[in-house]
Structures are given as C-alpha cells and as structure tokens.
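Asker: Protein chains in written order, with this note's numbering: chain A, 14 to 901; chain B, 14 to 901.
Ideal placement from N, C-alpha and C gives every residue a C-beta, glycine not left out.
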C-alpha cells in the first residue's frame with residue numbers, strides 16, 4: 014500500500030534528505046534535520062504523489078489519505094501534548110508547500126492554523142498573552158482568507174487602517190489586545206459578507222482547505238511562469254508540510270530569522286543573515302519591516318542601527334552557530350536556513366542549499382574544495398553553467414563618472430542600463446520590443462515575475478537582502494538594488510524622486526547591483542575579469558572535460574573574444590557576413606545580376622581580395638587553432654534590395670539598372686527561403702562562387718605560411734548538403750582550386766572538406782556523406798527547423814502557448830529537442846563514424862552554448878561544440894559536468 | 014579477366030537475351046536471334062562495362078580491349094570471307110549504340126564503315142554496281158563527318174544541292190555513278206577544309222573513331238534529356254554493336270523495313286510495318302521518303318499507292334512472317350523488328366519489345382492472356398502504369414463539330430487542343446507558363462524532345478508511323494498526327510497553310526491522334542471509357558493487389574470521379590478548400606480578425622452549416638466507403654488579402670475595417686509559411702476552429718444516419734503533429750464535441766482520430782504518437798519538403814540542374830526519395846505498429862499516384878495509398894504489380 018504521509022519530529026523521521034522527489038525539498042530536509050538531532054518542531058509531510066494523484070484524478074485525493082493524516086495528527090498531538098482544535102490546549106500548525114526544487118515565493122503558506130474563537134482564548138491563556146493570541150488569530154484569518162478563500166488582502170488592510178486612523182496609531186505595535194479582538198470580529202464579518210458563509214471555525218476543515226489550496230497553487234500562473242523560466246516539469250508536483258507552530262512573536266525573547274552559512278552575494282566565508290525580534294517569518298520575507306543583521310561584524314560593516322542577534326540573544330546565537338556549522342558540514346554546501354526563537358528556544362524551520370550569485374557560487378565551490386569539504390570535481394559540478402552568464406557581461410567601468418541617483422542594498426551583482434518602468438506588464442511589453450528597461454518598484458511580489466524577467470535590472474525602495482526582489486533577481490542573474498529608501502515612488506504618476514531630483518518613466522538610469530547604487534544615465538561599462546575563482550574553476554573544468562569547445566566567429570573582434578574566453582578554435586565562420594560589407598555588396602550584386610558565368614567570375618574577382626584579407630586576419634588571430642569556414646549559405650535574394658524604392662536607391666547609388674535589380678529580386682524571391690535556393694545548391698548552379706571562396710581561403714593560408722612559416726589547416730564546410738553526390742561534386746572543385754593555388758604559390762596547404770548536417774535527409778544518409786566528408790558539424794538550428802517543421806522566424810506566434818500548455822518542455826531553439834532532433838544527431842553520428850572511423854563531429858549554432866544540449870552531445874561522444882564567444886565558458890563548464898562523476 | 018567483346022553470327026553467339034545489362038538491348042537480342050537460328054549478319058558487341066570504364070577513367074579504354082576487338086574483327090573477316098580495309102574484298106560494318114533500355118533516336122549510328130577510295134572501288138567491283146558503291150561511300154562520309162567529326166549536315170547538303178541544280182536533277186535517283194564519285198571528292202575536300210586534316214581513310218581509325226563517338230554520345234544533351242524523362246540511370250552506359258553490313262539499296266530486289274508483330278497503336282493482332290525498296294534503314298527512320306505498307310491488307314485499308322512487300326517480294330515476305338511469329342512466340346511479347354533484304358535475301362537487324370500506346374498495351378496483354386501465351390498476372394505486369402494516364406483523359410466528343418484543318422497519319426492516340434507553336438524552345442517556354450501548345454513541325458528530331466514533351470500534342474507534315482515524331486509521341490503519351498502532307502509550313506514566317514486556309518502562331522487547333530486529324534479551334538472533348546480491355550486488366554489487377562487505393566477529394570465532383578475510377582474511399586478531404594468559397598470567406602475573415610474566443614466562436618458558427626452540408630454530401634456519395642477528413646491545415650494568412658489594395662477592396666465589399674485587415678495580415682505574415690503557424694498549431698492556440706469542424710462532421714454523420722439508417726464512420730485527421738501531447742489535447746476536444754453532438758442528436762457516431770505524419774519528428778516519435786492516433790497518413794509532400802529542406806514552391810530554381818547533373822535520380826516531389834524520406838516512413842511504420850498493432854497506415858499526396866512510390870509503400874506493408882481521382886487506376890495497377898510475381 015502506498016504511504017501518503019511521512020512523519021518527522023525531534024530525534025525521529027520516516028524520511029530523509031534522499032526523499033526529495035517524494036517529500037519535496039523542504040519536507041526531506043526537515044526529516045533530515047530531525048535525524049541529525051536538531052531542534053525541529055514535529056509534523057508530517059503529505060507526499061508529492063498525492064499531488065500527482067490529485068491532478069490525475071480530477072482534483073481528488075487518494076483512498077486512505079484522510080486516515081493517514083488523522084493518524085499523523087493524533088501522533089503529533091501526543092508528541093506536542095496538545096489537541097488539534099482543543100480549546101484548552103490548542104495545537105496550532107503551519108501548512109506549507111514544498112516542491113522537489115525550491116520555488117521561493119511561488120507557493121502559499123498558512124501559519125497559525127487551528128485558531129478559532131475558542132482556541133484563540135486557549136492560546137491566550139496558555140501563552141499568558143492575549144494580545145499575541147489575537148494578533149496570531151487575525152494573521153491566520155488574513156492569510157487563510159487570501160490563500161484558501163481567494164479574498165483580497167485589501168479587504169483586511171482597510172479594516173486595520175480604519176482602526177489605526179480612529180485611534181491615531183502609527184504602527185501595528187500600538188494596537189492592544191482588545192483592538193486585535195475587535196479586528197478579528199470585523200475580519201470575520203467581512204469574510205461572511207464577501208462569501209455569504211462564515212469563516213471556517215473547525216480546525217480539520219481549515220486543515221483540508223489549506224492542503225487543497227497548496228495543491229491547487231501548484232498550477233497557479235505564478236508557479237507556471239516560475240517553472241517555465243526554470244525548466245521545472247509540471248509533473249513533479251508539490252508536497253504539503255504540516256508542522257506544529259512555534260512563535261517568534263511571543264515577546265522580546267522571541268525572534269525569527271533567515272540566514273546563509275556563507276555570503277550568497279560574494280561567497281565570502283561569513284555567517285550571514287537577518288532576523289527580527291518578536292516577529293513571524295512572514296515579516297522577514299515580505300520585506301515589510303527591515304530586519305537586522307545576525308552577526309555583530311556584519312552590523313558594524315553595514316553601519317546599521319539596532320542590535321545584532323549575536324548581541325541581543327547571545328545564547329541562542331551560539332546555538333544557531335553550532336547548528337549552521339553542522340548543517341553546512343553535513344550537506345557539504347552553503348545552506349539557506351530559516352529559524353524561529355520562541356521564548357529563548359531555537360527551532361529550525363528549514364534548511365536548503367542556498368541560492369547564490371554566480372560569483373558567490375564560484376568562490377564557495379573553490380573555497381570548499383580548498384577546505385577539503387568537497388573535491389575539485391564536485392566543485393566544478395556545483396556551478397550552474399547558466400549562471401556564468403552573469404559574470405561574462407560587462408560591469409560598470411572603474412573610470413566612469415558616477416552621478417548617484419540613490420543608494421540601496423547590493424542585492425544582486427552586475428550592472429545594466431535602461432529606461433525606467435514602473436509597471437511589470439509594461440516592462441514585459443517594452444522588452445518584447447527590444448527596449449532595455451529597469452523595473453522600479455516599492456517592493457516586488459510573485460505577480461511581478463514576468464516583468465522582473467523582462468527587465469535588465471530591478472530597483473526596489475523597500476525590503477532587505479532576502480526580500481522577494483533580492484532572491485528572485487539573484488536567481489535570474491538580474492542586477493538588483495533593494496531597499497533604496499532615499500527613493501520615493503509617486504504612485505499613479507509614473508515618477509520617482511530621490512535626493513531632490515525627479516525621474517520619469519522612460520528616463521535612462523544605470524543599476525550597479527554590486528555596489529547597491531543607482532546612477533544617472535547610461536554609464537560606461539567594462540569587460541568582465543576572467544581571473545580568480547572563475548579561472549580556477551574553469552581550469553579544473555578543462556582538466557575534466559573531453560568535449561572541445563570552439564566559438565562561432567567571423568570578425569577579428571569575435572575571434573579575439575573567443576580566444577579570451579578559452580575557445581579551442583573557430584567552429585563556424587559564416588562567410589556571408591563578409592559579403593554585406595559596404596565595400597563589397599556592390600560586387601556581390603553585380604555577381605547576382607550577371608546572366609553568364611563570365612560575368613559572375615568578373616564580379617567575384619572583385620570580392621576575392623577582401624575575402625582573402627578576412628581570412629588572413631582570422632588565421633593570424635587563431636594561430637594554431639582550427640578554423641572551420643562555412644562557404645556561402647543564404648539565398649542570394651538576401652543580398653538584393655526588395656522594395657521598388659530600395660531598388661531605385663541602390664540603382665542611383667551604384668549605377669546598376671533599377672528594373673534589372675527589381676526583376677532579379679522578384680525572380681529570386683522565395684515562398685520559404687529556409688527551404689530554398691541556398692547553401693551548396695548555390696554552388697551546384699553557380700560553381701564560381703565557391704571557387705572564389707576556396708581560392709580566398711587557400712591564398713590566405715599561403716600568405717600566413719609566408720608570414721609565419723606555417724600554413725594553417727582550414728576546415729572548409731559545405732552547407733545544406735542532402736546527399737553524397739552534391740558534396741562530392743563541390744569537393745572536387747575545391748580540391749581543384751587548392752591544386753591551382755598550390756601551383757601558383759608553390760605552397761601546399763593542408764585542408765579538410767566537411768559538411769553541415771542540418772537536414773534530416775543528411776542525418777539519415779550520413780554513411781554515404783561521410784565517404785566524402787572529413788568532418789560533420791551539426792547545424793542544430795536548421796535541423797530543428799526542418800525536423801520539427803518549425804520556422805524560427807515565425808514560431809513566436811505559438812511557441813509560448815506550446816510551452817505554457819506543457820506541449821514542449823523547453824524552447825527547442827534554446828535546448829536541443831533530444832527525442833526528435835537528438836535522435837537524428839545520434840543516427841548521423843553512428844552512421845557517419847561507421848563509414849569513416851574517427852570522423853570529427855561537432856555542433857554549431859545556439860545550442861552549442863546551452864548546458865543541457867552540451868551534456869546531450871557529450872553523451873553521444875561528439876568531439877566539440879561551437880557557440881558564441883560569450884557562451885564559451887558556459888560550454889566548457891557544461892562539458893566538464895557532462896563527464897560521469899567519480900567520487901574520490 | 015573481364016571479357017569486353019561478345020561475338021555473334023549465324024548459329025552462334027557468346028551472349029543471349031539474358032545479357033541485356035552487359036550487351037545492351039540490341040546486342041543481347043542480336044545474340045538471341047543468332048541462337049534461334051535466324052538470319053543475322055555476323056558481328057560483335059563491345060559491352061556496357063567498357064562505357065562505364067570509359068567514363069570512370071577520363072574517357073579511356075580498358076587494357077585488353079584493343080586486342081579483343083582485333084581478335085573479333087579477325088573472326089568476323091573469316092566468317093564473312095572479307096577483309097576489313099581490304100581493297101579487293103572489303104568488309105564493311107555498321108557501328109550502332111545499344112543501351113540496356115531502348116532509347117530510340119537518341120544514340121548515333123554509322124553505316125558502311127570501312128569505305129575509302131580503294132575499298133569503294135573494291136565494293137563497286139564486288140557488287141557490280143559503281144553507283145551503289147559511291148552512293149554508299151558518300152552516305153558514310155556524311156554520317157561519319159556528322160557524328161564523329163562533328164561537322165554540320167548542311168555542308169554536304171549544299172554540295173549535293175549545287176550539283177543537282179547544275180544538272181537540273183529533281184531527285185537523288187537521277188544522279189549517276191560519276192556524279193556520286195564527284196560528290197565524294199567534293200565531300201572529302203569540304204571535310205579537309207573544315208578540319209584542316211583529311212577525312213580518315215584507314216578502316217581501323219574509322220572504327221575507333223566511331224566507337225568513341227558512340228560512347229561520347231551517351232552523355233550528349235539529347236541522351237541526357239531522354240534519360241531524365243524516362244528515369245534511365247546514367248550509370249547504365251551503352252554497348253557498341255559492330256556488325257557486317259548488308260545492303261537494302263542494292264537494287265529492286267533489295268529493301269529495308271521495320272515492322273511490329275501487332276499494331277502498336279491499337280493492339281490489333283495484325284502484322285504491321287513499312288518498307289522501302291532499294292533503300293538503307295536510315296531512309297525509313299528519318300521519314301525522308303514515305304515508306305509503303307508491308308502487308309497487302311494494310312495497303313488496302315489505308316488506300317496507299319504502290320505495292321506492299323507482300324506483293325512486291327512475296328518470297329521474302331513469307332520468310333519474314335515466319336520470323337516474326339517465331340520471335341513473338343519466343344519473346345512472348347509484341348516485337349518491333351528491323352530487317353534488310355539484300356538482293357532477295359532477308360537479314361534481321363534488330364528485335365525488341367515494341368513500344369505501344371496504352372490502349373494497345375492493354376489489348377495486347379489481354380489478348381495474349383486469352384491466347385494462353387502469358388498468364389493474367391503477367392498481363393497485369395506488362396502494363397506500364399504511367400501509360401494509363403493516356404486513357405484516363407478526355408478524347409474528342411463524338412457529337413463535336415469537326416472542322417478539319419488537314420489529315421495525316423494517326424500516329425499516337427488521344428486528343429488535345431492548344432495554340433500552334435513552330436519552335437520547340439518556344440513550346441517549352443509557353444508550356445512553362447501554363448499555356449497549352451501544339452508543336453507543329455515538318456518533321457522532328459532528337460533535338461526537339463523538350464518541345465515535344467512540353468506540347469499537348471504534335472503534328473508533322475512529313476514522316477510515317479515509325480518516324481521519330483510518331484515513336485516519341487507514343488512513348489510520351491502525346492497525341493500525334495504525322496505526315497500531314499496537306500500542310501505546308503512556311504519556314505521563318507510562323508505560319509502554315511492547309512486546304513487553302515492559313516494558320517498563324519497562336520491560333521488554336523485540336524489534334525485527334527486517334528483519327529489522324531487536325532481540327533479547327535478547341536473542340537469538345539468527352540470522358541474516357543473505362544470498359545473493355547482496361548476494365549478486364551484492372552479487374553485482374555484488383556484481384557492481385559493487397560494495397561487499397563483511395564482518392565484525395567473534397568468536392569462532390571471529385572468524389573464521384575473517385576468512385577468511377579475505382580477508389581476504395583477518400584484518403585484526404587482537405588477542409589480548407591471549403592473555406593475559400595465566396596459565401597464563407599467573409600465569416601472566415603471575421604473569425605481571423607476576432608481578438609477573443611467568443612468572437613471566433615460567433616464567426617465559426619456562421620461557417621458551421623456550410624461545412625456540415627459539405628460533409629453530408631460527401632458522406633452521401635461515398636456511402637459505406639471510408640472518408641478521411643483533415644481538419645484545417647494552412648496558415649490563417651492564406652485566407653486574408655495581402656496587399657493594401659486587396660485589403661481596401663475586401664473592406665469595401667464586406668464592411669470590415671481595411672486597416673484592421675491589413676494589420677492582421679501583417680501580424681500573421683510568415684517568413685516560412687511551410688514551417689509556420691499551421692496545422693494542429695492553429696487548434697492549440699484557437700481550439701474553437703477544430704471544435705466547429707468536428708461538430709460539422711458529427712452532425713453530418715448523424716444526418717446521414719437519419720437519412721439511411723446507418724452513420725458513416727469518419728476518420729478525423731489532425732495535421733502537422735510533432736508530438737503525442739498536442740495530438741492528445743486535440744483528440745480530447747474532438748471526443749468532447751462527439752459526446753456533445755451525440756447528446757443533442759441522440760445518435761452515437763463511430764469515428765477514429767488519426768494524424769498526418771508529415772514532419773521528421775513525427776516519424777521518429779511515431780511510437781508515442783501511435784498511442785493516441787488510430788491511423789497514420791503520411792503526408793509525403795510536406796515530409797519531402799522538410800526531410801530534404803526543399804520548398805516545393807521554390808525548388809524550381811535548381812531542381813532541374815540537380816536532375817540534369819545526376820544529383821537527384823528523379824524529382825522527389827514526383828517519386829518518393831526512398832533512401833531519405835522513405836526511411837522515415839519505414840521508421841514511423843515500424844514504431845507506430847509496435848506501439849499499436851494493426852495501426853492503419855496510408856499515404857496521401859502526389860506520391861500516392863506514382864507507380865514507383867506505390868511499389869515502395871506496398872513493400873513497407875502500408876494499408877493504402879490515396880491520390881487524385883484520375884490517378885486511381887494507375888495506383889491500382891501499380892499496387893498489383895508490387896505483389897511479388899508468381900509464375901503459374
């Protein structure tokens with residue numbers, strides 16, 4: 014019989030950290046902490062399988078669940094010595110979601126469940142604090158009404174606001190016990206008025222309502238968005254954790270806090286966290302009150318007022334230090350912990366691997382390897398390759414003039430400039446149009462996720478380093494400044510003021526997330542430093558990986574960047590980019606307009622010196638490293654003007670006949686250019702084009718040989734091949750050109766002729782094609798387009814709907830469709846190597862910089878990936894992680 | 014050691030009819046005739062392997078060939094008692110090409126080889142006829158100069174013309190021996206002047222020149238065109254036949270002729286042929302002199318003047334009748350024979366299976382099966398399915414008014430109307446623009462092939478039933494009238510006159526190939542009769558085949574035609590064709606312009622009654638037969654106007670906003686619509702569309718049930734699927750609509766939901782997809798486009814070059830690319846059936862009517878093909894032929 018409920022409590026637990034899939038991250042870690050003997054309030058976890066069953070069976074629960082929950086509750090009552098719904102000695106519980114992967118802020122939490130008019134009185138007596146009891150009761154009504162009964166927060170804020178106004182209270186702390194009693198009554202009336210039925214008083218009814226709400230929230234739009242952004246499958250489901258309440262709001266010896274075992278922003282080995290005296294956890298996370306540092310050192314460093322926990326509650330602080338060290342040592346990773354202190358007694362509510370910036374991740378991994386806590390291989394595996402992206406982009410130049418708009422907390426590093434936008438929807442809209450925007454908010458909430466993702470950076474006026482904005486921004490790699498209290502956002506007027514200046518929507522600012530500063534205008538940026546922890550981890554990664562990493566580059570700038578980022582060659586040099594240059598396009602058009610081979614040859618002769626110079630420069634930069642040059646690929650109409658106006662303009666500027674230009678453009682126009690007259694097809698009909706390009710390559714290689722004494726060995730790549738004969742025909746001509754050039758220059762250049770595998774037929778006929786091709790490079794962009802029948806230019810109209818509805822797990826242009834496109838790659842690799850043992854195989858295109866795709870092709874035994882220069886380190890790391898892990 | 018040369022002669026032969034691949038058709042049959050003891054001049058065949066070697070090794074001959082030829086020549090000299098190049102007793106030979114498949118008129122022939130100034134004198138003495146000897150000599154110089162030395166015919170015609178003019182001769186027969194001697198001298202001077210070297214006098218030099226020319230001609234443009242049109246691989250190569258000369262031009266007891274053992278036009282069992290007294294073979298084939306009937310009966314039937322061979326040479330005629338009967342009995346097929354009578358002695362020069370019209374093929378096959386010569390299975394296999402096309406198109410209506418332009422020979426049956434064109438290039442150009450043209454020529458030659466192929470019909474002023482025009486037209490299935498002597502074409506003026514009227518280029522005429530008449534204007538046509546031999550053979554074919562044949566049809570007319578042609582259901586009903594109707598397009602556009610589901614639902618509700626009525630009619634016509642309905646497939650922009658003018662026009666006509674229309678058209682515009690927002694993707698984003706279509710289908714089926722008591726069981730086909738989840742999602746909605754309609758009507762309709770497999774990913778994931786799909790229909794058009802990266806709309810720019818250069822064997826849109834697209838079909842069939850045993854599999858699209866494709870999918874064990882109604886009989890026959898042959 015399936016077990017649906019897993020219990021945990023001090024010194025015992027049904028599960029452990031290995032049960033993450035079943036119990037969710039939170040539940041599994043609560044169980045683990047219990048087994049470690051840490052102080053954890055007792056409770057139980059309803060498994061993720063219940064969630065799966067719930068959705069597979071029309072939102073109904075499995076047989077036996079109710080009985081198991083009842084049994085677990087009974088044991089919880091025994092363990093705590095309290096009764097669920099017992100007016101005299103009430104057991105209160107929290108109900109929290111807990112998915113397999115951490116989804117901060119996405120799921121809903123309910124505290125103080127089990128309160129009603131009777132148990133509230135019981136709690137008051139028990140705690141000896143009527144004010145606390147009714148404050149807890151009103152919080153519960155508020156939370157439950159919002160999450161379970163779907164009522165708006167505003168309903169309650171209005172009631173509370175009126176009472177405060179009547180009494181001229183400035184803060185909640187001024188409300189008396191009687192005030193809270195009155196508030197509770199008004200809250201209940203409001204719920205009844207809104208729903209037509211009373212707020213549920215029965216504890217069990219409350220519990221099942223909360224459990225249902227947690228499961229329902231697994232598919233709410235915020236959760237869907239988060240999952241989509243983070244590639245979390247919907248099928249995983251969430252667990253529900255029911256846990257006896259402990260209270261951080263039972264007076265001045267009570268507190269609640271969150272901490273990281275190392276600094277999640279920089280990775281420094283310091284205990285780092287925030288706490289609030291006399292508060293419940295929601296007060297910290299929501300950023301409504303600004304919490305204080307836990308350690309004295311950090312308080313002094315930040316020059317914050319008030320006492321640190323180390324100073325205010327030294328005993329409990331001492332316990333907490335012991336606990337955090339134990340947890341980090343046990344989990345062998347930086348932990349993000351939540352705790353509550355109830356009347357001087359420490360309770361652990363959560364531990365999990367802490368989210369961190371890329372920079373921190375590198376430092377923590379390198380430090381832990383140095384400390385001997387983990388191996389260097391493990392250190393490499395600890396870094397999310399995606400996260401490196403944050404480090405590989407510019408930061409603010411040290412020489413830049415900094416006109417400070419305002420300061421706040423350095424919540425997420427990196428820098429970005431953009432236009433101020435206040436509304437998340439507007440941010441998303443403008444970003445979709447290609448605008449760089451900075452989202453500026455008082456504070457953020459899960460509803461804002463899409464706008465945060467669309468923004469280049471985020472600024473909030475309120476909230477701390479662990480506020481929603483800070484946590485989410487770090488996860489997304491967006492620079493973020495939090496709690497910029499100098500900033501005053503004028504609601505409804507699309508402007509903010511700071512230090513006496515006013516900024517309107519659309520004004521450009523720069524966010525320096527590393528320093529916690531907002532700057533005026535678009536400030537000069539500087540290149541990232543690729544040294545220190547980054548360089549060490551990358552060196553370890555390079556030592557592990559088998560897959561080579563090349564870059565896609567055609568300009569000298571890109572080639573230089575590629576070398577800087579550690580590329581081991583150029584995997585794709587697109588020669589057509591060289592055709593668009595102003596100096597050359599006239600000759601290119603002349604070639605296209607020529608109606609006889611002789612005319613084309615004459616025009617191509619004008620392009621030759623430019624193309625040769627391009628290659629000379631590229632070979633010079635790349636030195637000994639391999640360079641794969643793809644001969645002309647796009648359809649010729651891409652080089653012609655298309656409208657009558659454009660034709661007239663070009664005609665006037667160059668002296669060609671406007672009508673001839675327009676006629677030729679019309680003649681070459683294509684209904685589906687992706688499947689058209691392009692790639693090697695051009696060379697079959699107009700062989701002169703590749704002849705010229707081959708000549709430019711061989712002449713350039715000879716020139717380099719002249720210069721350095723050593724000729725580079727270019728890899729000449731023929732695009733859009735579907736069969737052996739077409740490749741054979743072109744290869745023969747390339748070889749003939751090589752022989753001609755060798756005769757002219759007296760130098761022999763070694764070279765290879767290979768092909769792109771970018772059409773399903775080429776993948777299927779890879780055996781034949783490999784008889785001619787000396788290497789294959791999978792053009793995964795086009796292979797995805799043809800295999801899936803998906804035009805990259807057009808799929809935007811429905812791809813979003815496909816991903817939202819779970820029809821595609823990920824965007825197939827970002828991460829290789831492994832079961833479709835991937836199978837073709839596998840077939841081609843196998844057949845190609847069977848025909849030509851040792852055939853060199855690589856991929857080029859966007860997927861070469863996608864970690865999942867890199868892992869996939871590493872698994873297939875490919876030789877290299879090639880990606881844009883900025884993604885080379887990501888690919889290097891992903892390639893190392895793809896090597897099967899060996900624990901030392 | 015490879016044997017390069019195979020000898021044959023009376024009573025002996027190295028090879029036989031089974032060696033066609035090695036010796037070519039002509040060589041193999043010459044050997045076979047020798048073994049049968051028929052009178053064949055001795056000779057030898059240089060094998061096709063020499064041709065293959067020749068092209069594989071830079072046009073050089075294999076080692077040992079020269080020695081083998083010398084040896085064979087020595088034996089030929091011994092057998093004939095003559096010496097090659099011997100001035101006293103010269104051996105003359107013919108040199109002819111002979112490919113594996115008959116390629117009439119494509120390859121070059123040289124007669125009388127071995128003649129020079131000395132051997133000509135020898136021949137004169139030997140034959141006792143100096144005039145004959147020098148006539149033969151000048152013919153040889155003419156032929157050899159043209160074929161081997163590449164000199165123009167005109168050079169010689171001018172010399173001959175001048176001499177005739179000087180002497181006021183009207184015909185060649187008036188030239189004396191001395192005249193021919195003078196002509197020969199002038200011919201040789203002309204050759205020397207043109208080439209700078211004398212005409213080769215050495216017999217061996219002549220022979221090797223001729224052999225080289227035959228091999229070279231294998232790749233001349235005419236041969237390439239013929240091979241392309243007839244799907245003959247270039248790799249086959251040609252053999253060369255060297256044979257002792259016999260002379261049909263040695264006086265009144267000599268003759269030459271060609272004959273068919275049955276009438277190749279109608280299939281009637283009569284001996285049928287033409288001959289010329291005192292002529293060489295070239296005179297008959299070239300159509301320069303009009304030959305006479307061989308039999309008396311035929312002469313009387315055609316009311317021609319002169320004597321038949323039966324009357325003029327009764328003894329030899331008797332021998333010939335014996336020979337033809339022996340040959341037909343031996344080969345068990347209608348034979349096309351060539352013979353020469355030298356001074357009363359019969360020599361057989363060739364036998365081969367005779368080309369015939371489709372009608373004749375059916376009659377001959379059916380007759381031979383009735384005669385017991387072949388089995389019914391063999392009869393079915395004898396019919397080229399492509400050829401049925403001729404029979405399945407209209408002929409001239411019996412009631413039509415016939416205004417006769419002129420009469421000629423009924424050279425190839427069928428009828429067609431079109432514009433008069435005199436130039437083959439112009440015919441090809443106009444046809445490419447979609448014009449129906451009739452090619453009118455004095456006579457045709459191999460250079461005209463492309464124009465003949467482009468024309469709907471062919472008319473020649475000269476030439477007989479076996480002239481080039483007649484043979485080629487029959488092979489191509491083009492109606493043809495030959496030897497229309499009443500017609501006078503005015504060279505260079507683009508007009509002809511006949512019976513006192515003048516017809517200019519562009520005037521419309523109708524050709525009745527069956528009657529041999531050219532008619533004024535475009536005459537009324539009638540439907541083909543599908544009875545008689547056709548019906549008998551089709552019935553036998555239906556008894557043999559396992560593959561079902563359905564039709565692609567959506568209109569009542571097409572559905573009715575489908576049934577008439579024997580379709581066993583509809584395999585593809587394209588519902589979008591129903592959307593374009595004038596009455597509906599406004600609602601379709603309203604649907605596309607709606608920005609909310611409710612707006613789309615309202616617009617779709619207007620289309621529903623039309624769509625339902627369509628299906629009611631279709632179900633009614635198809636009765637019990639299955640009907641596969643494909644839900645909406647094309648991108649929505651196809652239903653919108655595209656230019657501003659069109660938008661304004663539609664706006665004015667329908668009252669919608671022109672700007673909204675244009676904006677929406679722009680928004681929906683696609684770079685690659687083939688890979689765009691179409692097929693099931695529409696239904697994922699706009700599920701209302703398929704909901705409406707499903708409702709229309711179920712309501713129509715219910716209405717038919719009401720009418721007939723039996724509901725049809727529609728097969729609902731979802732296009733452009735790439736994965737299981739998208740099909741599952743749509744299937745669920747279709748089932749929901751079915752349940753709704755069942756509830757409303759109280760009738761349950763049985764139905765299946767299946768999918769098109771038209772994208773490589775769908776083929777690869779066929780196992781998953783088959784878990785949802787109840788049938789697969791391979792959309793081979795789109796599967797070809799995506800697998801090969803080949804847009805059907807755009808590939809015209811290079812597909813011709815690919816086929817000409819041998820890079821594609823055939824047009825992949827005509828015949829399935831078996832090794833690429835075909836492998837995906839195979840994979841999908843295997844995986845689909847593994848997941849769902851008995852899964853119904855079919856193909857729809859153009860390939861369903863292509864015999865090679867039908868044979869291919871029959872081999873894969875598919876259940877059915879679906880093609881256009883007119884091609885259904887072709888598919889039925891091809892399906893029967895795909896069944897492995899069992900000799901009774």
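Put residue 824 (chain A) into one of helix, strand or coil per three-state DSSP.
Answerer: DSSP places residue 824 (chain A) in coil when its eight states are reduced to three.
Asker: Among A:573, A:575 and A:702, which has the Cα closest to the Cα of residue 621 (chain A)?
Answerer: That would be A:702, whose Cα lies nearest to the Cα of residue 621 (chain A).
Asker: Looking at the structure shown, is residue 559 (chain A) part of a helix, part of a strand, or coil, going by DSSP?
Answerer: coil
Asker: Work out the CA separation of residue 32 (chain A) and residue 187 (chain A) for me, nearest whole Å.
Answerer: 45 Å
Asker: Give the interface partners of residue 125 (chain A) over in chain B, defined as CB-CB distance under 7 Å, in chain order.
Answerer: Simply none; closest approach about 41 Å.
Asker: At the level of alpha carbons, what is the spacing between residue 179 (chain B) and residue 205 (chain B)?
Answerer: 24 Å
Asker: What three-state label does DSSP hand residue 900 (chain B) in the structure shown?
Answerer: Summary for residue 900 (chain B): the model assigns pLDDT 46, below 50, so the residue's position carries little reliability; its value from the coordinates is reported in the next sentence. Coil at residue 900 (chain B), not helix or strand.
Asker: Tell me whether residue 601 (chain B) is buried or exposed, calling it buried when 16 or more other Cβ atoms sit within 10 Å of its Cβ.
Answerer: buried
Asker: Starting from residue 349 (chain B), trace the beta strand (DSSP E) in both directions and tell me its first and last residue.
Answerer: Secondary structure note for residue 349 (chain B): its beta strand (DSSP E) is the uninterrupted segment 348-355.
Asker: Between residue 750 (chain A) and residue 565 (chain A), what straight-line distance do the alpha-carbon atoms span, to the nearest angstrom?
Answerer: 26 Å
Asker: Quick one: is residue 563 (chain B) near chain A, going by C-beta distance under 9 Å?
Answerer: no
Asker: Quick one: which residues of the stretch 796-823 of chain B get their C-beta closer than 8 Å to a C-beta of chain A? List them in chain order.
Answerer: 798, 799, 800, 801, 802, 803, 804, 806, 807, 808, 810, 811, 814, 815, 818, 819, 820 and 821
Asker: Could you tell me the alpha carbon to alpha carbon distance between residue 571 (chain B) and residue 590 (chain B), rounded to whole angstroms?
Answerer: 13 Å
Asker: Could you please give me the residues that DSSP links to residue 728 (chain A) through a beta bridge?
Answerer: A:641 and A:765
Asker: When we look at the beta-carbon of residue 713 (chain B) and count the other beta-carbons within 10 Å, is it buried (16 or more) or exposed?
Answerer: buried
Asker: At 8 Å on the CB atoms, spell out the chain A contacts of residue 174 (chain B), in chain order.
Answerer: Simply none; closest approach about 37 Å.
Asker: Does the beta carbon of residue 773 (chain A) come closer than 9 Å to any beta carbon on chain B?
Answerer: yes
Asker: Under 9 Å, Cβ to Cβ, is there at least one residue of chain B near residue 675 (chain A)?
Answerer: No - not a single Cβ of chain B is within 9 Å of the one on residue 675 (chain A).
Asker: Just the chain A side, please: which residues come within less than 7 Å of residue 689 (chain B) by C-beta, in chain order?
Answerer: 804 and 807
Asker: In the DSSP assignment, find the beta strand (DSSP E) that holds residue 877 (chain A) and state where it starts and stops.
Answerer: 877-880
Asker: Check whether the stretch 575-585 of chain B and the stretch 873-886 of chain B are in contact - that is, three or more C-beta pairs closer than 8 Å.
Answerer: yes
Asker: Can you find the residues in the same chain that come closer than 6 Å, C-beta to C-beta, to residue 901 (chain B), ignoring five residues on each side of it along the sequence?
Answerer: The predicted position of residue 901 (chain B) is uncertain, since its pLDDT is 41 and thus under 50; no value can be drawn from it.
Asker: Could you pull the start and end residues of the alpha helix (DSSP H) that residue 624 (chain A) belongs to?
Answerer: Its alpha helix (DSSP H) spans residues 610-635.
Asker: Report the option in B:256, B:485, B:139 and B:477 whose CA atom is closest to the CA atom of residue 461 (chain B).
Answerer: B:485
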